Amino acid sequence: MTELFTLANLVDLTLLIALQAVLGFDNLLYISLESKRAPVDKQKSVRFWGIILAVFFRIILLFLLLRVIKVFQEELFSIHFEGIIHATFNLHAVVVLFGGAFILYTAMKEILHMMSLEELDGEDRQAKSMGFVIFWIVAMNVVFSFDSILSAMAVTDVFYVMATAIIIGGILMVVLADTVSEFLHKNRMYEVLGLFILFLVGVMLLTEGGHLSHMKLFGNEILQMSKTTFYFILAVLVVSAIVQSRYQKKLNKAKQKALAGAKAA
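Under the numbering used here, think of the first position of the sequence shown as 1, with each following residue one higher.
This is the structure:
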């Protein structure tokens with residue numbers, strides 16, 4: 001444990017904490033949106049215990065990956081249909097593909113739910129149990145963990161340094177989870193933005209899984225979406241949402257002034 005406090009390890013720890021913060025953004029967004037499926041009075045507890053258990057299992061995953069990483073890279077099975085699809089799957093690819101598909105499904109389902117205006121009509125969906133929501137938060141955290149852990153392993157091979165970064169990242173998520181959820185609740189337009197960011201995360205994971213499995217669809221190789229492309233699109237989405245929100249406020253003010261002028265006349 002004393003090896004943690006060497007200068008090199010402290011520098012690595014600082015880098016890994018920053019890495020956890022950046023890669024943990026989409027995870028935190030998913031937790032905030034997923035917790036809404038629980039009863040209102042349980043949502044704060046769901047976020048807290050979901051993050052705590054997720055950190056616990058992330059450390060276990062780190063421990064396993066350091067020792068049996070070859071198991072995740074070994075071939076499990078292949079699919080080959082001439083001219084349609086060709087792929088060779090390992091455990092890593094399967095996990096990432098499943099996570100990407102589930103996140104894509106979740107984002108689309110929530111977007112369609114918003115378009116149906118069920119909540120505005122007072123027809124809220126039945127809340128899921130606390131345990132059910134926590135299970136999915138922890139399960140999806142495992143998917144998000146692969147990138148952060150494999151990136152961390154490229155920085156250092158010291159277990160205590162990586163585990164400490166994961167714990168500190170978890171503490172930051174606990175601190176920020178309620179703030180993010182409250183912000184999304186008060187600014188519903190940004191909740192739409194959050195869902196499209198999750199949709200983008202799902203696409204990124206699917207392309208990553210396709211790349212890991214060397215997948216070809218109709219003769220075309222699946223290329224992984226680069227992190228640079230992901231963050232560029234993310235920045236465009238955020239800027240577009242901010243501009244649209246401010247423009248909408250100006251339009252509402254102009255409409256109110258016009259109505260006030262018409263009444264005065």
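From the three backbone atoms N, C-alpha and C, an ideal C-beta is built for every residue, glycine too.
Model, not experiment: these values are computed from the prediction.
Return the chain-ordered list of same chain residues with a C-beta closer than 7 Å to the C-beta of residue i, the five sequence neighbours on each side being excluded.
{"i": "G194", "result": "L29, L33, L184"}
{"i": "A163", "result": "I59, L62"}
Quick one: Cα of residue i to Cα of residue j, how far?
{"i": "E191", "j": "T6", "result": "43 Å"}
{"i": "E82", "j": "R47", "result": "46 Å"}
{"i": "F146", "j": "A38", "result": "26 Å"}
{"i": "R73", "j": "L91", "result": "Note that residue 73 is Gln in the sequence shown, not Arg. For Q73 and L91, the distance between alpha carbons rounds to 7 Å."}
{"i": "V11", "j": "R58", "result": "22 Å"}
{"i": "V133", "j": "G170", "result": "18 Å"}
{"i": "F63", "j": "D26", "result": "23 Å"}
{"i": "N220", "j": "A258", "result": "55 Å"}
{"i": "G217", "j": "G99", "result": "One detail in the question is off: residue 217 reads as Leu in this sequence, not Gly. Each residue's alpha carbon lies about 20 Å from the other."}
{"i": "Q43", "j": "I52", "result": "14 Å"}
{"i": "K263", "j": "N187", "result": "31 Å"}
Helix, strand or coil for residue i, going by three-state DSSP, please let me know.
{"i": "L223", "result": "coil"}
{"i": "G261", "result": "helix"}
{"i": "A241", "result": "helix"}
{"i": "F77", "result": "strand"}
{"i": "I85", "result": "strand"}
{"i": "K269", "result": "Residue 269 cannot be examined here, being either before or after the span of the chain that is shown, 1 to 265."}
Given residue i, which residues of its chain have a CB within under 6 Å of its CB, disregarding the five upstream and five downstream residues?
{"i": "M225", "result": "M204, T207"}
{"i": "E123", "result": "With a pLDDT of 47 at E123, under the threshold of 50, the modelled position of this residue cannot be trusted, and the question is left open."}
{"i": "L104", "result": "G202"}
For residue i, tell me which candidate among the options has the shortest Cα-Cα distance.
{"i": "L172", "options": "V55, K36, L10", "result": "V55"}
{"i": "L15", "options": "A139, S148, F218", "result": "S148"}
{"i": "F89", "options": "F77, W136, L97, G99", "result": "F77"}
{"i": "F144", "options": "S129, K128, I166", "result": "I166"}
{"i": "L278", "options": "K186, I233, M215, L212", "result": "Any question about residue 278 goes unanswered here, given that the chain covers just 1 to 265."}
{"i": "I137", "options": "M115, N252, N9, K36", "result": "K36"}
{"i": "A21", "options": "A260, T229, A177, G210", "result": "A177"}
For residue i, which beta-bridge partners are listed by DSSP?
{"i": "T228", "result": "According to DSSP, which records beta bridges pairwise, T228 is partnered with nothing at all."}
{"i": "N90", "result": "E75"}
{"i": "K216", "result": "H86, E221"}
Give me, in chain order, the residues of the same chain whose beta-carbon lies closer than 8 Å to that of residue i; leave out the 5 immediate sequence neighbours on both sides.
{"i": "F196", "result": "A107, I111, L237"}
Under 7 Å between C-beta atoms, does residue i make it to chain C?
{"i": "F230", "result": "Although the question refers to chain C, the structure presented lacks it and comprises just one protein chain."}
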